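Per the working numbering, the sequence shown starts with residue 4, numbered consecutively.
We put the beta carbon where it would ideally sit given N, CA and C, even for glycine.
In this text, all values refer to a predicted model and were calculated from it rather than measured experimentally.
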Amino acid sequence: MVPLSPFPAAGSPLDLIGFPMDLGADRRGVDMGPSALRIACLHDRLQRLGYAVTDHGDLAIPIRERLLVESPCLKYLSAIVNAAETLAHMVRTSLGDGRFPLCLGGDHTIALGSLAGIGAYCRDAGRTPGVIWIDAHADMNTDLTTPSGNIHGMALAASLGFGHQRLTHLLGFAPKIKPEHCVLIGVRRLDPGERERINDLGLTVATMTDIDRRGLAAIIDEALATLRTKVDYLHVSFDLDSIDPAVAGGVGTPVAGGLSYREAHLLMETIAECDCVDSLDLAEVNPILDTANRSAELAVELIASLMGKRIL
Ligand SMILES: [Mn+2]
């Protein structure tokens, strides 16, 4: 029997970066997500897996009571752009130093920052970034299609180069990633404008219906096999609302009919086995809607699975 290679390599450096942002959504509470994940022993779990963890604390993000809504179709644009740009610089530096950035949300505007940092790093390093976007939503709105004006629903579209220039051109370039290098998994609620854009772009989307029909294992195997032929950098952007609210109720925007507990672990374990993940966002943990921090504890378990925890 071939012994399993040690994963991660002992002492692999990992940066935790908290992004306590709740300006991207109407419902409050996800700004406490980074605390909830730390309280659920994230640092310890990662250390026990062999990572040398540096916690950079939380970025300073203004509270909404001190801000004005500049535009109803781009709520809190300036504050979000500023924070995302700071995150982008941190992620770029982390990657440039050969470290693994793990970004803790906060709402899914976190991905504006992480993907900008990743895009900049990959341009410098001559690498091609891909993303697995795990989410109940597609976050493919723009200021022209959004029904709510909430920027967390625009994070993927902006990273692909669609939407308001201040969102698409973080760090001064666009796009951060190409549509053919993205796979969405767990999607079950789309706005009409998002559906249209997804179809126009031919984005690869595994909806919950696809997962019911074909099984998660087949879908993630296929996604990884395809991405591996096209990209040499892989980011996972994980929105906890992809999980069924009966399993994880403490999320930003709960939608019935999500991934089961085992499907979520299988997804993480399968991605971990490919040994090719370079960075991770964990977004939309909402302690206000949670019971005894269970959703954050589940999120930490899932992070551990993705980062190499094995049953056997
Ligand atoms: Mn999302």
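Going by other Cβ atoms of all chains shown within 10 Å of its Cβ, with 16 needed for buried, is residue i buried or exposed?
i           : result
residue 49  : buried
residue 140 : buried
residue 239 : buried
residue 95  : buried
residue 303 : buried
residue 162 : buried
residue 216 : exposed
residue 33  : buried
residue 231 : exposed
residue 66  : exposed
residue 345 : Residue 345 is absent from the model: the chain starts at 4 and stops at 315.
residue 160 : buried
residue 255 : buried
residue 37  : buried
Are residue i and residue j close, meaning C-beta to C-beta below 7 Å?
i           : j           : result
residue 114 : residue 173 : no
residue 243 : residue 288 : yes
residue 135 : residue 208 : no
residue 290 : residue 253 : yes
residue 131 : residue 213 : no
residue 64  : residue 35  : no
residue 53  : residue 107 : no
residue 269 : residue 315 : no
residue 283 : residue 133 : no
residue 179 : residue 80  : no
residue 277 : residue 227 : yes
Ordered along the chain, which non-local residues of its own chain (more than five positions away) have a Cβ less than 7 Å from that of residue i?
i           : result
residue 27  : 83, 110, 111, 112, 153, 154, 155
residue 210 : 190, 191
residue 60  : 21
Spatial neighbours of residue i within its chain, please: C-beta separation below 6 Å, excluding the five flanking residues on both sides.
i           : result
residue 250 : 264
residue 97  : 18, 104
residue 301 : 251
residue 299 : 39, 40, 43, 288
residue 318 : The structure shown has nothing for residue 318, since the chain only spans 4 to 315.
residue 246 : 261, 262, 267
Can you name, in chain order, every residue of its own chain whose Cβ lies under 8 Å from the Cβ of residue i, other than the five neighbours on each side?
i           : result
residue 46  : 19, 56, 58
residue 258 : 139, 140, 191, 192, 244, 248
residue 15  : 53, 54, 55, 103
residue 7   : Below a pLDDT of 50, predicted positions are generally treated as unreliable, and residue 7, at 47, falls in that range; no measurement from the model is reported.
residue 222 : 188, 209, 213, 214
residue 101 : 16
Which whole-angstrom value describes the C-beta separation of residue i and residue j, a residue pair presumed to lie in contact below a C-beta threshold of 8 Å?
i           : j           : result
residue 305 : residue 267 : 6 Å
residue 146 : residue 76  : 5 Å
residue 197 : residue 143 : 4 Å
Taking 7 Å as the CB-CB cut-off, is residue i touching chain D?
i           : result
residue 190 : This model lacks chain D altogether, as it is built from one protein chain only.
Can you pull every residue whose C-beta falls closer than 7 Å to some heavy atom of ligand 3, listed in chain order? Here the bound small molecules are ligand 1; ligand 3 is not part of this structure.
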